[in-house]
Amino acid sequence: MSFAEPRKGRANRRGARVTVAEPPSLRDLRLFASIDNETLARLTLEAKVETFEDGAVIFRQGDPVSAVVIVLHGFVKILRIASCGDETLIGINSDGETVGQPPSSANETYCVSAEAIGPTSVLKFPAARFARLVKESPSLSAAVVQDSKDKIAALILEIESLKAQNADQRLAHFILSLCPPGEEQCRFRLPYDKRLIAARLGVKQETLSRAFAKLRDHGVRTETRDVLVESVSRLADLCDQLGRQCRLPSERSAQSAREDAA
Numbered sequence: 197m198s199f200a201e202p203r204k205g206r207a208n209r210r211g212a213r214v215t216v217a218e219p220p221s222l223r224d225l226r227l228f229a230s231i232d233n234e235t236l237a238r239l240t241l242e243a244k245v246e247t248f249e250d251g252a253v254i255f256r257q258g259d260p261v262s263a264v265v266i267v268l269h270g271f272v273k274i275l276r277i278a279s280c281g282d283e284t285l286i287g288i289n290s291d292g293e294t295v296g297q298p299p300s301s302a303n304e305t306y307c308v309s310a311e312a313i314g315p316t317s318v319l320k321f322p323a324a325r326f327a328r329l330v331k332e333s334p335s336l337s338a339a340v341v342q343d344s345k346d347k348i349a350a351l352i353l354e355i356e357s358l359k360a361q362n363a364d365q366r367l368a369h370f371i372l373s374l375c376p377p378g379e380e381q382c383r384f385r386l387p388y389d390k391r392l393i394a395a396r397l398g399v400k401q402e403t404l405s406r407a408f409a410k411l412r413d414h415g416v417r418t419e420t421r422d423v424l425v426e427s428v429s430r431l432a433d434l435c436d437q438l439g440r441q442c443r444l445p446s447e448r449s450a451q452s453a454r455e456d457a458a
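Going from the sequence shown to this note's numbering is simple: count from 1 and add 196.
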């Protein structure tokens, strides 16, 4: 599967290194899992891979929408910048997730900014041609609509968490979501620093530190960014006690498999 040679752009001058080494199969990405082969082949010809260093800008709020962006590896923080210059973290995208929304018409601009967190690689498609393919391909159109629905559902859960849960609850659920499926005891590294975790969970850094300290009594120990969970089921029970039903990682994995099969 070959990818088009990318053109140099503004993002590249801000810290990106463009590469076409070992490109992924588009079929492996959730957005394209169910589209027809002809559309997949046309998208493949348009795709290019870009890699970014930590803090590099992928696109800026207010810039013309030039590309549809999907995270391949790493993390991308989504920021909303107020007129006074203050930044608000809207979310953090990871592997397989679409950054922003595909344009529905010409002359659209990005309503948010996107920056790499650590070494990050993304897949880009020219926005205008992607929008045209969405209109021509029913399967791609359906996939884009479903992607939008999934994002709305995730935002609703995020709002629910911010309004209905305290810092202890949010952190417990966040740590549980990082536990590998099928493991009762696990050790892992936090995906990004605690400053960003605090921003993502909508709490102050000192509040997050207190929440981490409370989790020690429940078998969750941290050292800088390294986390040891002595009992995943115990952590899941804690989440239940804190007021919101949580599935174990293995149960979440099984549920995802059922959804994919459906």
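Heads up, the beta-carbon is just placed ideally off N, CA and C, and yes, glycines get one too. Being a predicted model, the structure only gives us computed values, none of them experimental.
Beta-carbon separation (whole angstroms), residue i vs residue j, contact threshold 8 Å
i: Ile266; j: Gly292; result: 7 Å
i: Val295; j: Ala310; result: 5 Å
i: Ala323; j: Val264; result: 6 Å
i: Glu419; j: Phe321; result: In fact, because the Cβ distance is near 41 Å, the residues do not count as touching under 8 Å.
i: Arg434; j: His414; result: Position check: residue 434 holds Leu in this sequence, whereas Arg was assumed. Confirmed, about 5 Å.
i: Val416; j: Leu431; result: 6 Å
Range of the contiguous beta strand (DSSP E) that encloses residue i
i: Cys382; result: 382-385
i: Glu419; result: 416-419
i: Val423; result: 422-425
i: Val253; result: 253-255
Beta bridge counterpart(s) of residue i as assigned by DSSP
i: Ile393; result: Looking at the DSSP assignment, Ile393 forms no beta bridge with any residue, so it has no partner.
i: Glu283; result: Ile277
i: Ala407; result: Ala407 pairs with nothing; no bridge assigned.
i: Leu295; result: Looking at the sequence itself, residue 295 is Val, so the reference to Leu does not match. Answer is Val265, bridged to Val295.
i: Phe326; result: Per DSSP, none; premise fails for Phe326.
i: Pro260; result: Thr305
i: Ile288; result: Lys273
i: Phe321; result: Val264
i: Ala338; result: According to DSSP, which records beta bridges pairwise, Ala338 is partnered with nothing at all.
i: Ala363; result: In the DSSP output, where bridge partners are listed per residue, Ala363 has none listed.
i: Glu311; result: Val253, Lys273
Secondary structure of residue i, DSSP reduced to three states
i: Ile352; result: helix
i: Leu358; result: helix
i: Ala229; result: coil
i: Val399; result: coil
i: Arg412; result: helix
i: Pro377; result: coil
i: Ala243; result: coil
N-terminal and C-terminal residue of the alpha helix (DSSP H) that residue i is part of
i: Ser429; result: 428-437
Residue i at chain D interface by Cβ criterion, 7 Å
i: Glu419; result: Of the protein chains in this structure there is only one, and it is not chain D.
- Taking three-plus beta-carbon pairs below 8 Å as touching, is the region 247-257 in contact with the region 311-318? yes
- Give a yes or no on contact between the region 350-361 and the region 263-279, applying the rule of three or more CB pairs nearer than 8 Å. no
- Query: Would you say the region 354-370 touches the region 386-397, given that touching needs at least three Cβ pairs under 8 Å?
  - Reply: yes
- How do the region 420-427 and the region 373-393 stand: do at least 3 beta-carbon pairs fall below 8 Å, yes or no? yes
- Touch test, the region 299-308 against the region 250-262, Cβ-Cβ under 8 Å, three pairs minimum: These segments touch.
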